[in-house]
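There are 2 protein chains.
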Amino acid sequence: MNLLYFCFSSYLNTMTPKEKYIEDVGLLYEKYGLPKMAGRILGYLMSASTKNTSFENLQEALKASKGSISGNINLLLRQSLIEKHMISGDRKSYYKVVFTSLNNILEAKVKSIAEFKQIYERGITLVVDEHSHNYKYLSEVLEYYKFLEEEMPLLKRKWEEKIKKNETP
Amino acid sequence: MNLLYFCFSSYLNTMTPKEKYIEDVGLLYEKYGLPKMAGRILGYLMSASTKNTSFENLQEALKASKGSISGNINLLLRQSLIEKHMISGDRKSYYKVVFTSLNNILEAKVKSIAEFKQIYERGITLVVDEHSHNYKYLSEVLEYYKFLEEEMPLLKRKWEEKIKKNETP
DNA sequence: CAATAAGTTCATTATGTAATGAACTTTATG
DNA sequence: CATAAAGTTCATTACATAATGAACTTATTG
Chain E
12 MNLLYFCFSS
22 YLNTMTPKEK
32 YIEDVGLLYE
42 KYGLPKMAGR
52 ILGYLMSAST
62 KNTSFENLQE
72 ALKASKGSIS
82 GNINLLLRQS
92 LIEKHMISGD
102 RKSYYKVVFT
112 SLNNILEAKV
122 KSIAEFKQIY
132 ERGITLVVDE
142 HSHNYKYLSE
152 VLEYYKFLEE
162 EMPLLKRKWE
172 EKIKKNETP
Chain Z
12 MNLLYFCFSS
22 YLNTMTPKEK
32 YIEDVGLLYE
42 KYGLPKMAGR
52 ILGYLMSAST
62 KNTSFENLQE
72 ALKASKGSIS
82 GNINLLLRQS
92 LIEKHMISGD
102 RKSYYKVVFT
112 SLNNILEAKV
122 KSIAEFKQIY
132 ERGITLVVDE
142 HSHNYKYLSE
152 VLEYYKFLEE
162 EMPLLKRKWE
172 EKIKKNETP
């Protein structure tokens, strides 16, 4: 993208659908706790039409510093949201979104359920009066989280079975 | 809490279990997107042994400014996480955690599922080659979100039935 | 082995969000 | 109706987190 285009596009406030998409993915992931740049990287990788996306590609497309790209790539690698692959005879690193870990989504949910469940369990030990509003409140919420904790593995299994059916019809 | 206690407790790094609890609830909610102060208010309200908690109680317990308490109370009210109640002959406002909206938890989840689903739907329109890694990736994730979107209402119903049984045994 | 490419590290700067506190509005009371 | 209590608003300050960019490491190639 050259300077002329850049000036025009920002003046007229136009973006290609792809550029818009990248920014929106960035914002969505930011909303759910990742750095915006990490989200933008995911947006670029997800909407990429070329097979191989390098560090350099990302830097140019997202117009960000090496440091930021490097840091956020490694964050995404640690969270298994992307993976690195190499091409023989080429010293660059290439990245793509991870295909396998769909259950990551549910697993993250299960984790957060466990965290809240613990907080409610602790809370209940601090409320002395068993007839109080709070005691009843905390007990019920706790029940709900226990329910969710039981149900999540069932949901996971249900998904796995559905996949199996589709693969061997 | 007097100054002497404050100096001691911070110097020795001791906190009552309740104080520790309030801070931990604050951190947990901060992690999931609420301002820390809003989380601390929830922590205080949840672990309160007294029936009525006023604005003033909160301000004293959390050692925060009126402005911060006010802003965060109203945030929590808007999100239906707490509710206000009045006492006749008393011009103060009192607050408590909301008992009813357990399904808020699931509903928030359903909303976030819808947001991600939309992002994947948009992404798929940007990837031209139907045999590419990304096309397959986005299609599968999209399937998964559709599955979750279908399952959530079922889960909700299951919970409601479980509650009904417990109420009329 | 010098030169360069690829990526990392980290001190500095920038940005966004939250808390503060003083001034203000609203409501009640003697 | 003056006074005070209860809470809100908002400009300012503080804080936490992210991005930058230059110096650095590591690997590669002519």
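Chains E and Z, in that order, give the protein sequences. Positions 12 to 180 (this note's numbering) are the ones given, in order, by the first sequence. Positions 12 to 180 (this note's numbering) are the ones given, in order, by the second sequence. Cβ coordinates follow ideal geometry from the N, Cα and C atoms, glycine included. Since we're looking at a predicted model, the values are computed, not measured.
With contacts defined as CB atoms closer than 8 angstroms, residue 148 of chain Z and residue 108 of chain E qualify as a contacting pair. As summarised for the segment 99-168 of chain Z, the continuous beta strand (DSSP E) elements at least 3 residues long and confined to that stretch are 101-108, given in chain order. Chain E has no Cβ within less than 8 angstroms of the Cβ of residue 46 of chain Z.
Per DSSP, the unbroken alpha helix (DSSP H) holding residue 68 of chain Z starts and ends at 66-73.
In the DSSP assignment, residue 37 of chain E falls within the unbroken alpha helix (DSSP H) covering 28-42. Excluding five sequence positions before and after residue 56 of chain E, the CB atoms of its chain that fall closer than 7 angstroms to its own CB belong to 64, 93, 106, 107, 108, given in chain order.
About 22 angstroms separates the CB atoms of residue 132 of chain E and residue 117 of chain E; that is not less than 8 angstroms, and the two are not in contact. In this model, residue 167 of chain Z and residue 174 of chain Z are separated by some 11 angstroms (Cα to Cα).
Contacts with chain Z at 8 angstroms (Cβ-Cβ) include residue 28 of chain E. Per DSSP, residue 49 of chain Z is one residue of the alpha helix (DSSP H) stretching across 47-58.
Around the beta-carbon of residue 89 of chain E, fewer than 16 other beta-carbon atoms lie within 10 Å, marking it exposed.
Taking 8 angstroms as the CB threshold, residue 82 of chain Z stays off the interface with chain E.
Taking 8 angstroms as the cut-off, the beta carbon of residue 29 of chain Z is found no closer than this to the beta carbon of residue 87 of chain E. Around the beta carbon of residue 100 of chain E, fewer than 16 other beta carbons lie within 10 angstroms, which makes this residue exposed.
Interface annotation, residue 140 of chain E: in contact with chain Z, CB-CB separation under 8 angstroms.
The Cβ neighbour count for residue 119 of chain Z, taken over all protein chains shown within 10 Å, is under 16; the residue is labelled exposed. Sequence-distant Cβ neighbours of residue 146 of chain E in its own chain, meaning closer than 8 angstroms and more than five residues away, are 135, 138, 140. Beta-bridge analysis with DSSP links residue 93 of chain Z to Z:108. What residue 171 of chain E touches in chain Z, judged by beta-carbon distance under 9 angstroms, is nothing: the nearest beta carbon there is about 11 angstroms away. Taking 8 angstroms as the cut-off, the Cβ atoms of residue 54 of chain Z and residue 47 of chain Z do not count as close. Excluding sequence positions up to five before and after residue 69 of chain Z, its CB lies within less than 7 angstroms of the CB of 52, 55, 80, all in the same chain and listed in chain order. Only 57, 58, 59, 60, 62 from the segment 57-89 of chain E bring a Cβ to less than 8 angstroms from some Cβ of chain Z.
Its Cα nearest to that of residue 160 of chain E, the residue E:124 stands out among E:171, E:142, E:124. Contact residues of the segment 30-42 of chain Z toward chain E are 32, 35, 36, 39, 42 (C-beta to C-beta distance below 8 angstroms). Between residue 103 of chain E and the set E:164, E:67, E:77, the nearest pair of CA atoms involves E:67.
Beyond the five residues adjoining it in sequence on each side, residue 77 of chain E comes within less than 7 angstroms, by CB distance, of 70 in the same chain, given in chain order. Using a CB distance cut-off of 8 angstroms, residue 98 of chain E does not count as an interface residue toward chain Z. Excluding residues up to 5 positions away in sequence, 117, 120, 121, 124 lie with their Cβ nearer than 8 angstroms to the Cβ of residue 163 of chain E in the same chain. Residue 60 of chain Z sits exposed, since fewer than 16 C-beta atoms from the chains shown fall within 10 Å of its C-beta. For residue 73 of chain E against residue 126 of chain Z, the beta-carbon gap comes to about 22 angstroms, at or over 8 angstroms, which does not count as contact.
Chain order gives no chain Z residues near residue 51 of chain E, where near means a beta carbon separation below 7 angstroms; the closest approach is about 13 angstroms. Within the same chain, and ignoring the five residues on either side of residue 96 of chain E in sequence, the residues whose Cβ sits closer than 6 angstroms to its Cβ are 105.
The alpha carbon of residue 151 of chain E has as its nearest neighbour, out of Z:91, Z:49, Z:170, Z:32, the alpha carbon of Z:170.
Of the other Cβ atoms in all chains shown, 16 or more fall within 10 Å of the Cβ of residue 84 of chain Z; this residue is therefore buried. One Cα belongs to residue 144 of chain Z, the other to residue 128 of chain Z, and the distance between them is close to 18 angstroms.
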